[in-house]
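The structure under discussion appears below in the form of C-alpha cells.
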Ligand SMILES: O=C(O)c1cc(C(=O)O)c2c(n1)C(=O)C(=O)c1cc(C(=O)O)[nH]c1-2
C-alpha cells in the first residue's frame, strides 16, 4: 500500500464509493421498495428498526461524552434532540412509533422490543459499543453511512404509498423529516472526517470503519430475512415461540 494520502476530494470519493454496499441493495430492502414485501415483513422491519432508532441517541451521547471539543458538542447535540425531541416537542422516536401505528403495530409492542431479533440487537449494540470505546472522531465518522440515507428515505416515500395502500400515509413523516436532517448530519460528519484522517493509513482505517457500519446495517436485514422471508426465526427448528432474550439490562 502506498503511503501517499488521498486528497480530500479523492478520500471523499472513496467514502462515497462505499455506497455500493449500502443496505439499499439488500434483497429485503429491494423487496420492500419493489412492492413485494408482505404486511408481516414490513411490520417486522419497522419493529426491528425501532431498536436502531432508540439506540441512536445513546450512540450520540457516547460521542458527546468522549468529545472534549465544545464547538463540536454544540453541533452534535442536535442529533440527540432530533431523535429524543427537544423539550415540549416530539422527535424521531415518536415519529417512528407513529410509523409503527401506520403499519398496524401497537406502540406498546414496539416499546416492549418483543419482536427485536437477537441478530438485530447484537448488530445495533455493536454500533453503540463502538461509539463508547472509539475516539470520538472515529465514532463520529462512522455515522457517514448517512451519506446514502436521503436516497433510501426518498425511495420509501416514492414507492411505498403506491405499493402498500394499507399503510396510513401519516406514518411517512419520519422519512420526510430525515431527508433534511441526514444531509445536515453528513455535512458536519464529513467535515470532521476530512479534517481528522490525513494520513493514508488513517484514511484506510476510516474506510474499514465505514465498512463495519455498513456490515451492521446489512446484518440487521440478514436477521430479518431469516425470520420473515425464510421463516427461520431463531429456534425455528425446535419451537414456534419467541423464546429469545429481550435484552439484558446491566
Ligand atoms: O432508514 C435508513 O436506512 C437509515 C439508515 C441510517 C444509516 O445509514 O445509518 C440512519 C437512518 N436511517 C436514520 O434514520 C438515522 O436517524 C440515522 C442516524 C445514523 C447514525 O449513524 O448516526 N444513521 C441513521
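Residue numbers (this note's numbering): 2 to 251.
Cβ coordinates follow ideal geometry from the N, Cα and C atoms, glycine included.
- Of the residues 25, 39 and 10, the one whose Cα lies closest to the Cα of residue 164 is 39.
- No Cβ-Cβ contact shorter than 7 Å links residue 89 with residue 83.
- In terms of Cβ geometry, residue 117 and residue 52 form a close pair [threshold 7 Å].
- Shown here, residue 89 sits in coil according to DSSP, grouped into three states, outside any helix or strand.
- Residue 106 and residue 47 do touch by the CB rule: their CB atoms are close to 6 Å apart, below 8 Å.
- Look at residue 97 here: in three-state DSSP terms it is helix.
- Sequence-distant Cβ neighbours of residue 136 in its own chain, meaning closer than 8 Å and more than five residues away, are 67.
- The C-alpha of residue 26 lies about 29 Å from the C-alpha of residue 243.
- If you ignore the 5 residues before and after residue 19, its C-beta comes within less than 6 Å of the C-beta of 211, all in its own chain and listed in chain order.
- Burial is judged here by how many other beta carbons sit within 10 angstroms of a residue's own beta carbon; residue 3 has fewer than 16 and is exposed.
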